[in-house]
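Data block below; observations after.
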Amino acid sequence: MTTLEGVVERITYASAGDGYTVARMAVAGRPAPVTVVGAMPGVHPGQALRVTGEWTRHARFGEQFKVSTWETLTPATRVGIERYLGSGLIKGIGPGIARRLVERFGEQTLRVIEEEPERLREVSGVGPDRVTRIRAAWDAQREVREVMLFLQGHGVSAAYAGKIFKTYGRGAVAVVTQNPYRLARDIYGIGFKTADGIAARLGVATDAPVRLEAGLLHVLGTLTEDGHCCYPREGLLQAAGEVLQVPAAALESPLARLADAAEVVAEPGEDGPVVFPRDLHE
1095 MTTLEGVVER
1105 ITYASAGDGY
1115 TVARMAVAGR
1125 PAPVTVVGAM
1135 PGVHPGQALR
1145 VTGEWTRHAR
1155 FGEQFKVSTW
1165 ETLTPATRVG
1175 IERYLGSGLI
1185 KGIGPGIARR
1195 LVERFGEQTL
1205 RVIEEEPERL
1215 REVSGVGPDR
1225 VTRIRAAWDA
1235 QREVREVMLF
1245 LQGHGVSAAY
1255 AGKIFKTYGR
1265 GAVAVVTQNP
1275 YRLARDIYGI
1285 GFKTADGIAA
1295 RLGVATDAPV
1305 RLEAGLLHVL
1315 GTLTEDGHCC
1325 YPREGLLQAA
1335 GEVLQVPAAA
1345 LESPLARLAD
1355 AAEVVAEPGE
1365 DGPVVFPRDL
1375 HE
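Per my numbering, the sequence shown starts with residue 1095, numbered consecutively.
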């Protein structure tokens, strides 16, 4: 993997759906802007980014940098701060206001917005209503940054991180922390294996009830996709034990809890008990 740092000069394409973005980014030491592509929801011209990924060559568009993970860098220079604020990223601040803010507060501008927003009224054209809008937009952007950093720090790709944030919003960190297996159910493209990897990086134990229950549902779903409307209870426990790498006996209680919660339905069968997914039981 390669890491680049630079400033976004322009957005060539951005999908409102999955956040897939094509951008041109100025990188120090390179004579021309670099084309960076990948899921980067909310990226604006003027933002300083650190992107990690690999170089690829597109048949039509040539050399591109395919982004796996990314994060926003806080600009440190007056020029960088003015460009960042004037990019449209923060509602309530346009190029003119950005210039006046930097003229007044210099390199401390971002700290003032974060810690002393009432001081923004020292700048011509910034009244109480604008201060409120600026602060709300600033807080929202911080939440996006924090969620993306958390997710990518736990092995979630930029593409999936964007989908997760779009689905759960500011509650994404809480959802993923409390039950990472919800991702397999709620986010298209994230299966049990991916969710299980995220759970492991979050410290979820191999024999944690939430993991065993999610694994049982995953295995039962896989078996019914193969044409079974139900599956023998003992066979399900054995198959799930192999996938989860736990003894089949350890899954007895998790399966009972799923039945009590009506997530599955257990019934007698001709050759022993069988288990139905909730949606396939009539």
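All C-beta atoms in this analysis are idealised placements derived from N, C-alpha and C, irrespective of residue type, glycine included.
As the structure is a computational prediction, the values presented were derived from the model and not from experiment.
Just to check my reading of the structure: residue i and residue j have Cβ atoms closer than 8 angstroms, yes? What is that Cβ distance to the nearest angstrom?
i       : j       : result
ALA1266 : PHE1259 : 5 angstroms
ALA1350 : VAL1359 : Not quite, the Cβ-Cβ distance comes to about 12 angstroms (not below 8 angstroms), so this is no contact.
THR1106 : ARG1124 : With a Cβ gap of about 17 angstroms, THR1106 and ARG1124 do not count as contacting.
THR1171 : LEU1204 : Contact doesn't hold; Cβ gap of about 11 angstroms is too wide.
In angstroms with no decimal places, state the Cα-to-Cα distance between residue i and residue j.
i       : j       : result
ARG1295 : GLY1256 : 19 angstroms
LEU1306 : VAL1337 : 10 angstroms
GLY1136 : ARG1151 : 25 angstroms
ARG1213 : GLY1200 : 13 angstroms
GLU1319 : ALA1278 : 16 angstroms
GLY1156 : VAL1121 : 17 angstroms
ALA1356 : PRO1371 : 9 angstroms
LEU1317 : ALA1308 : 14 angstroms
PRO1139 : GLY1329 : 56 angstroms
GLN1384 : SER1251 : Because the chain spans 1095 through 1376 in this model, residue 1384 falls outside it and cannot be assessed.
GLN1141 : ASP1290 : 33 angstroms
GLU1165 : ARG1144 : 5 angstroms
GLY1321 : TYR1262 : 33 angstroms
ILE1207 : ILE1191 : 13 angstroms
PRO1326 : ILE1284 : 27 angstroms
ASP1280 : ARG1215 : 44 angstroms
ASP1233 : VAL1116 : 26 angstroms
ALA1342 : ARG1276 : 23 angstroms
ARG1239 : VAL1304 : 28 angstroms
Please determine, among the options, the residue with the shortest C-alpha to C-alpha distance to residue i.
i       : options                            : result
TYR1282 : THR1097, GLY1111, PRO1139          : GLY1111
ILE1292 : ALA1308, ALA1299, PRO1274, GLY1329 : PRO1274
GLN1272 : SER1251, THR1288, GLY1297, VAL1250 : GLY1297
LEU1311 : ALA1334, GLU1237, ARG1205          : ALA1334
ALA1253 : ASP1365, ALA1108, TYR1114, TYR1107 : TYR1114
MET1242 : VAL1369, ARG1264, ARG1154          : ARG1264
ASP1365 : ALA1342, TRP1149, CYS1324, ASP1373 : CYS1324
THR1146 : GLU1361, ARG1154, VAL1161, GLY1363 : VAL1161
ALA1299 : GLN1339, GLY1321, THR1203          : GLN1339
ARG1229 : THR1288, PRO1211, THR1261, GLN1332 : PRO1211
ASP1373 : SER1347, LEU1314, PRO1367, GLN1332 : LEU1314
TRP1149 : THR1097, LEU1179, THR1288, GLU1346 : THR1097
LEU1345 : PRO1367, ALA1231, VAL1368, ALA1302 : ALA1302
Identify the residues that DSSP records as bridge partners of residue i: which are they?
i       : result
HIS1152 : GLY1156
PRO1326 : VAL1368
VAL1101 : ALA1120, ALA1142
GLU1336 : The partner list for GLU1336 (beta bridge, DSSP) is empty, contrary to what the question assumes.
TRP1164 : VAL1145
VAL1128 : MET1119
VAL1358 : PRO1371
THR1096 : GLY1147
ALA1133 : TYR1114
Could you check if residue i belongs to the surroundings of the ligand ATP, using beta carbon to heavy atom distance under 7 angstroms?
i       : result
GLY1200 : By its list of ligands, the structure shown contains no ligand whatsoever, and the ligand ATP lies outside what it can speak to.
Is the number of C-beta pairs between the stretch 1124 to 1139 and the stretch 1099 to 1116 that are closer than 8 angstroms three or more?
Segments in contact, yes.
Should the stretch 1244 to 1254 be called in touch with the stretch 1211 to 1229, which here means at least 3 C-beta pairs below 8 angstroms?
The stretch 1244 to 1254, when compared against the stretch 1211 to 1229, does not touch it at the 8 angstroms Cβ threshold.
Contact the stretch 1175 to 1186 vs the stretch 1221 to 1233: 3+ CB pairs below 8 angstroms:
Verdict: yes, contact present.
Would you check if the stretch 1192 to 1199 and the stretch 1172 to 1179 touch, i.e. whether three or more CB-CB distances between them fall below 8 angstroms?
The answer is yes - the stretch 1192 to 1199 touches the stretch 1172 to 1179, with three or more Cβ pairs under 8 angstroms.
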